[in-house]
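> Sending over a structure as structure tokens; questions will come in a sec.
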Amino acid sequence: MVAEPELLAALLLAHLLADFYFQPFSWVQQRNEKHALALPLYLHALIHGVLVAVVMLILSEKISIATVGISAIIVAVSHFKIDVVKSY
Numbered sequence: 010m011v012a013e014p015e016l017l018a019a020l021l022l023a024h025l026l027a028d029f030y031f032q033p034f035s036w037v038q039q040r041n042e043k044h045a046l047a048l049p050l051y052l053h054a055l056i057h058g059v060l061v062a063v064v065m066l067i068l069s070e071k072i073s074i075a076t077v078g079i080s081a082i083i084v085a086v087s088h089f090k091i092d093v094v095k096s097y
């Protein structure tokens, strides 16, 4: 099992990749224009959730699939809500 600082660093890297590398500027523009109705906002949240799941599955040997799934959903939903608020 990977130590917690390494897992935290990998999750932070995944977050930065999702926010800056995997999110085109056109998605940000649509989010700011259409707010919660912008389809790219949902895709962006999904990317965050998928990356969290991948990192946790790769770096955590003794973690249950349920924990991975719940963690990914929490991150995706909270990131979605934060981005909706930021769009206003």
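Here our numbering is used: position 27 in the sequence shown is 36, and no number is missing along the way.
Positions of the beta carbon are idealized from the N, C-alpha and C atoms, including for glycine.
Predicted model, so just to flag it, every value in this text is computed and none were measured.
1. Between V84 and the rest of its own chain, which residues show a CB-CB distance below 8 Å, the 5 nearest in sequence each way excluded?
2. Can you grab the Cα-Cα spacing for the pair F31 / V63, in whole Å?
3. Let me confirm a value: A54 is counted as buried when at least 16 other C-beta atoms fall within 10 Å, else exposed. Which label applies?
4. Given that a residue counts as buried once 16 or more other Cβ atoms are within 10 Å of its Cβ, and exposed if not, what is L50?
5. What are the start and end residues of the alpha helix (DSSP H) that includes L16?
6. Considering only their Cβ atoms, is the gap separating L22 from M65 smaller than 9 Å?
7. Rounded to a whole number of angstroms, what is the C-alpha to C-alpha distance between L68 and P14?
8. Assuming S96 and H44 are in contact, meaning their beta carbons sit under 8 Å apart, how far apart are those beta carbons, in whole angstroms?
According to the structure data:
1. Mapped onto the sequence shown, residue 84 falls at position 75. The beta carbon of V84 sits closer than 8 Å to the beta carbons of H57, G58 and V61 from its chain, once the five residues preceding and following it are set aside; these are given in chain order.
2. Translated into the one-based positions of the sequence shown, residue 31 becomes position 22. Translated into the one-based positions of the sequence shown, residue 63 becomes position 54. Cα to Cα, F31 sits roughly 15 Å from V63.
3. To locate residue 54, count along the sequence shown from 1; it is residue 45. In summary, A54 is buried, with 16 or more beta-carbon neighbours lying within 10 Å of its beta-carbon over all protein chains present.
4. As a working mapping, residue 50 is identified with position 41 in the sequence shown. Counting Cβ neighbours within 10 Å, L50 comes out buried, since at least 16 surround it.
5. Within the sequence shown, residue 16 is the residue found at index 7, counting from 1. It spans E13 to L25 - the alpha helix (DSSP H) in which L16 sits, taken as one unbroken run.
6. Residue 65 sits at position 56 when you count from the first residue of the sequence shown. Residue 22 sits at position 13 when you count from the first residue of the sequence shown. Cβ distance not < 9 Å, so M65 and L22 don't count as in contact.
7. Counting from 1 along the sequence shown, the entry for residue 68 is found at position 59. Counting from 1 along the sequence shown, the entry for residue 14 is found at position 5. Looking at the two C-alpha atoms, the distance is approximately 11 Å.
8. Taking the first residue of the sequence shown as 1, we reach residue 96 at position 87. Taking the first residue of the sequence shown as 1, we reach residue 44 at position 35. Correct: roughly 5 Å between the Cβ atoms.
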